[in-house]
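See below for the structure under consideration.
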Amino acid sequence: MPVDDGGLRGQVLEDLPDLEEVGAEDLKAEAEFEKQEAARLAGMPSEAKEEKPDLYDVLGVPRNATDAEIRSAYKKEAIKWHPDKNRHQEELAEEKFKEITVAYGIISDPGKRRKYDMQGYAGLEESDMMKFEVDTSNLGTMGNVFASMFTKLGVADIKSKVSQSVLDEMENGEFKKLRELKFGEPISKTVKKQGANYFKLVVTQEDIDAGFGVHVKSPGSKFKLLLLEKFEHKNREIMDIKIQEDSLKTEFGKKNHFAGIFFLDFPTYNMGPEPSVMVQAEDPESVLFRRMDRCQPRGTCQVHPGEMIFAVYGDNFIKSSSYTIEAIRQTDYADFFSRIKIIEENLMKRRAIVAKFEQAYYQTKKTWQLAQLRFNAEMKHMDKCMNARDQLYQALSFKDKQEKLVREEKFQREKQEKEKEKEEGKASGSSSNSGGGGGFFSFFS
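0 is the number of the first residue of the sequence shown in numbering that gives the first Met the number 0; add one for each residue after it.
What follows is the structure, encoded as structure tokens:
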């Protein structure tokens with residue numbers, strides 16, 4: 000009688016992998032590893048880059064759209080995909096908002112638009128995609144809302160432009176109030192959003208020889224520090240921006256903003272903002288490798304004795320900005336500036352060292368990732384083969400047991416048949432003896 004195994008033997012045999020299939024998967028894994036390794040050695044990505052969307056399609060405008068049409072389309076799309084209006088799909092909305100803002104930042108810039116029209120993305124530098132100015136004053140009342148979201152999401156390195164009303168004010172020299180700034184005497188004021196306060200600093204040749212600077216700090220608001228210059232235009236004297244420094248959050252006190260314009264005997268640097276939280280989430284290594292990508296020498300120029308005009312522009316889109324401005328001489332802070340010089344020189348050297356290390360790091364990381372792929376492929380293959388082997392032995396044990404049972408059953412049947420034949424033989428002999436006895440007695444009767 001067959002052993003009832005609950006159908007296990009049949010299930011085992013049915014689930015056994017095809018050995019040719021296992022071998023094919025092994026070859027496929029090795030081929031994929033070799034392909035990626037070859038791509039790494041060739042310095043090429045192993046997978047095709049994701050196709051980027053057409054910037055005009057992102058904004059929903061034709062390629063011959065006017066500035067007004069582009070601006071209107073951006074406002075419409077930005078309102079549609081503003082994360083605050085899409086709480087049910089906030090992650091998607093943030094990506095869309097970033098996408099349309101980058102598209103607007105490029106298409107609204109005549110130079111970048113021309114490069115994009117001629118060569119597409121290939122015509123744009125990485126800086127074109129990461130650093131641009133958006134004139135929020137042209138976006139009406141929604142400009143402030145958009146600008147606050149730029150900051151929240153860390154959408155590229157967006158700089159707002161000085162509003163046209165302030166530029167007109169500067170050009171005409173119609174300063175409502177020109178405050179006098181003196182060395183070592185800080186002034187604390189408040190500037191309206193997208194407005195400007197103006198200061199006059201008189202410098203001597205002695206000040207120039209000693210080295211000096213003007214710096215501004217704010218406890219929690221963005222601003223711009225501007226140096227204005229006079230020049231002749233159409234037979235009249237007008238003013239324009241000579242140097243512009245946008246405030247940045249300081250490492251010490253993340254809410255504090257700082258900007259400075261310096262005229263020293265050594266160059267100083269604007270380190271730029273650190274990668275946004277979203278960028279760091281997508282690329283954790285950016286906290287080191289991208290930290291100094293936007294580092295640039297601070298603006299400076301040749302200075303002559305006389306009057307210099309500085310302005311503090313309110314770059315906070317929501318409210319007025321409180322700040323403190325001060326003019327200082329290098330000789331009065333010699334120890335501080337000597338330390339700054341050493342540290343910034345060291346940072347410039349470290350930037351080159353880190354850039355070189357980045358190449359080695361990513362090469363090693365790629366090798367490790369490929370090794371992980373190979374490890375997983377080998378582990379998968381080995382597990383599958385081991386399982387196949389175990390199942391075959393398990394199936395074999397059922398086969399041996401089944402054959403043993405068959406032999407046992409055959410033996411029992413043969414035994415039963417022999418016993419039956421023996422019993423039948425005995426019965427036949429007994430019947431034969433009974434018939435002969437009757438004839439013998441009948442002979443004597």
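Idealized CB from N, CA, C, for every residue including glycine. Just so it is clear, the structure is predicted and the values come from calculations on it, not from any experiment.
DSSP beta-bridge partners of residue i
i    : result
D239 : E228
L180 : L200
N269 : Q295
A258 : V215
D187 : Here residue 187 turns out to be Ser, not Asp, going by the sequence shown. According to DSSP, which records beta bridges pairwise, S187 is partnered with T323.
V311 : N196 and L224
R328 : F211
Local Cβ density within 10 Å of residue i, reported as buried at 16 or more and exposed below that
i    : result
P44  : Note that P44 scores a pLDDT of 46, beneath 50, so its modelled location is shaky and nothing firm can be said.
H256 : buried
D14  : Only weak support is given to the placement of D14: the predicted model assigns it a pLDDT of 48, under 50, and the value that follows is read from those uncertain coordinates. It counts as exposed.
N315 : buried
G210 : buried
A280 : exposed
Y392 : exposed
G313 : buried
V57  : buried
K95  : buried
F336 : buried
A370 : exposed
E231 : exposed
V405 : exposed
K111 : buried
S164 : exposed
A102 : buried
Spatial distance of residue i from residue j (CA atoms)
i    : j    : result
D282 : Q358 : 15 Å
P218 : S71  : 35 Å
L346 : T267 : 11 Å
T249 : V286 : 16 Å
F222 : N196 : 11 Å
K191 : I342 : 35 Å
A121 : R388 : 54 Å
K74  : S162 : 18 Å
G22  : K364 : The predicted model places G22 with a pLDDT of 48, which falls under 50 and marks its position as unreliable; any figure quoted below should be read in that light. Whole-angstrom Cα-Cα distance: 29 Å.
K97  : G59  : 15 Å
F261 : G212 : 4 Å
L225 : C294 : 19 Å
S396 : E407 : 16 Å
E423 : M385 : 57 Å
E50  : M117 : 18 Å
E420 : D382 : 57 Å
M238 : E89  : 45 Å
L7   : Q401 : Legend: pLDDT at L7 = 43, less than 50; position of this residue unreliable, value from coordinates given subsequently. Cα-Cα distance, rounded: 13 Å.
S187 : S321 : 7 Å
E244 : K254 : 18 Å
I78  : K84  : 8 Å
L263 : A333 : 11 Å
I446 : T65  : Residue 446 cannot be examined here, being either before or after the span of the chain that is shown, 0 to 444.
K318 : G194 : 11 Å
S413 : K403 : According to the sequence displayed, residue 413 carries Glu and not Ser. C-alpha separation (whole angstroms): 15 Å.
DSSP state of residue i mapped onto helix, strand, coil
i    : result
I317 : coil
F288 : helix
S246 : coil
E124 : coil
S220 : coil
T65  : coil
H87  : helix
S162 : coil
G305 : strand
C445 : Lying outside 0 to 444, the shown extent of the chain, residue 445 is not represented and no answer is given.
D116 : helix
N171 : helix
K51  : coil
L263 : coil
H380 : helix
D389 : helix
L152 : With a pLDDT of 48 at L152, under the threshold of 50, the modelled position of that residue is not reliable, and no figure is offered here.
A426 : helix
Check whether residue i and residue j have beta carbons under 8 Å apart
i    : j    : result
E306 : H214 : no
W80  : I105 : no
V302 : V202 : yes
D206 : R297 : no
A258 : S246 : yes
L91  : M169 : no
P350 : M291 : Inspection of the sequence shows that residue 350 is occupied by Arg rather than by Pro. Against a cut-off of 8 Å, the Cβ pair of M291 and R350 comes out as a contact.
K216 : T323 : yes
P82  : E68  : no
L177 : K199 : yes
V353 : F288 : yes
Chain C contact for residue i (CB, 8 Å cutoff)
i    : result
M307 : Note that chain C does not occur in the displayed structure, where there is just one protein chain.
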